[in-house]
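Trainee:
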Amino acid sequence: MLGRIVISRERIDAVVGRMAAEIESDLENRDPIFIGVLKGCVYFLTDLTRRIGRPVEIDFIQASSYGASTTSSGSVVLVKDITADVRDRDVYLVEDIVDTGYTLHDLVKLIQARHPRSVQVVALLSKPSRREIELDPDFLGFEIDDVFVVGYGLDFDERYRNLPDIHEFVPDGPESS
Ligand code: IMP
Numbered sequence: 017m018l019g020r021i022v023i024s025r026e027r028i029d030a031v032v033g034r035m036a037a038e039i040e041s042d043l044e045n046r047d048p049i050f051i052g053v054l055k056g057c058v059y060f061l062t063d064l065t066r067r068i069g070r071p072v073e074i075d076f077i078q079a080s081s082y083g084a085s086t087t088s089s090g091s092v093v094l095v096k097d098i099t100a101d102v103r104d105r106d107v108y109l110v111e112d113i114v115d116t117g118y119t120l121h122d123l124v125k126l127i128q129a130r131h132p133r134s135v136q137v138v139a140l141l142s143k144p145s146r147r148e149i150e151l152d153p154d155f156l157g158f159e160i161d162d163v164f165v166v167g168y169g170l171d172f173d174e175r176y177r178n179l180p181d182i183h184e185f186v187p188d189g190p191e192s193s
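Residue numbers for the sequence shown follow the working numbering, beginning at 17 and rising by one.
(1) Could you pull the DSSP bridge partners for Ala3 from this structure?
(2) State the Cα-Cα distance for the pair Asp97 and Val31, rounded to the nearest angstrom.
(3) Do Ile6 and His121 have their C-beta atoms within less than 8 angstroms of each other?
(4) Checking 8 angstroms against the spacing of the C-beta atoms, do Phe155 and Ile39 come in under that value?
(5) Quick check: is any heavy atom of the ligand IMP less than 7 angstroms from the C-beta of Glu111?
(6) Given Arg25, which residues of its chain have a CB within under 8 angstroms of its CB, disregarding the five upstream and five downstream residues?
(7) Quick one: is the Cβ of Tyr118 within less than 7 angstroms of any heavy atom of the ligand IMP?
(8) Below 7 angstroms, is the gap between the Cβ of Gly69 and the nearest heavy atom of the ligand IMP?
(9) Please go through the same chain and pick out, in chain order, the residues whose beta-carbon is closer than 6 angstroms to the beta-carbon of Leu64, but skip the five residues on each side of it.
(10) From Asp152, Arg66 and Asp42, pick the residue whose C-alpha is nearest to that of Val137; which is it?
(11) Looking at Asp171 and the ligand IMP, is the gap between the Cβ and the nearest heavy atom below 7 angstroms?
(12) To which residues of the same chain is Arg46 closer than 6 angstroms at the C-beta, ignoring the five residues directly before and after it?
(13) My understanding is that Phe172 touches Asp112, with C-beta atoms under 8 angstroms, so please give their C-beta distance in whole angstroms.
(14) Locate the alpha helix (DSSP H) running through Val196, then write down its first and last residues.
(15) Compare the beta carbon distance of Leu109 and Val93 with 8 angstroms and say whether it is the shorter of the two.
Here you go:
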């Protein structure tokens, strides 16, 4: 059930602003395309790119999700591909959270096979204690402990994405506000 707020909307807002500034200074002489990893990226990607004071292209990719489970199966299946050609482009792969690392590891490999000029990972959250494969985001918002979280794009069984704050979620636990 929905638990305590782990990261408030005010903290999210401040960190997204800081990340947008960092990325903006990284953009010089680049031909950027922001590829959001659906569906968890949507609020983060829209807030982030709106704060980048340069015209940028966006596209979306989707890999298989956990469904109604809170642990990763370790195998990633592509559900929706991008439509853009990334050859010689500077790709920023935008993800809500890095957990075991498998999703981004596979997606980076997939993008790299298409000969972009560069690929960088932008993640709002990371759970370093859960990592099973090496994956260090180039731009990171927050490191969190090993708790399952929902809100600001993150779901449990497709629900709770639209919460403005990020909450802990305890399957079958008592609900709190
Ligand atoms: P990874 O492949 O294990 O790194 O998992 C990445 C994906 O798992 C993320 O894009 C999320 O969709 C999902 N995920 C991992 N941890 C959480 C969480 O705490 N809440 C909601 N989704 C999560």
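Even glycine gets a Cβ: it sits at the ideal position worked out from N, Cα and C.
Mentor: If we stick to the structure as given:
(1) This structure does not reach residue 3, given that the chain is present from 17 up to 193, and the question cannot be answered.
(2) 29 angstroms
(3) Nothing can be reported for residue 6: it is not among the residues displayed for the chain, which extend from 17 to 193.
(4) yes
(5) yes
(6) Tyr168, Pro180 and Asp181
(7) yes
(8) no
(9) Val32 and Ala36
(10) Asp152
(11) yes
(12) Asp106
(13) Rounded, the Cβ-Cβ distance is 13 angstroms, inconsistent with contact.
(14) Residue 196 is absent from the structure shown; the chain starts at 17 and stops at 193.
(15) no
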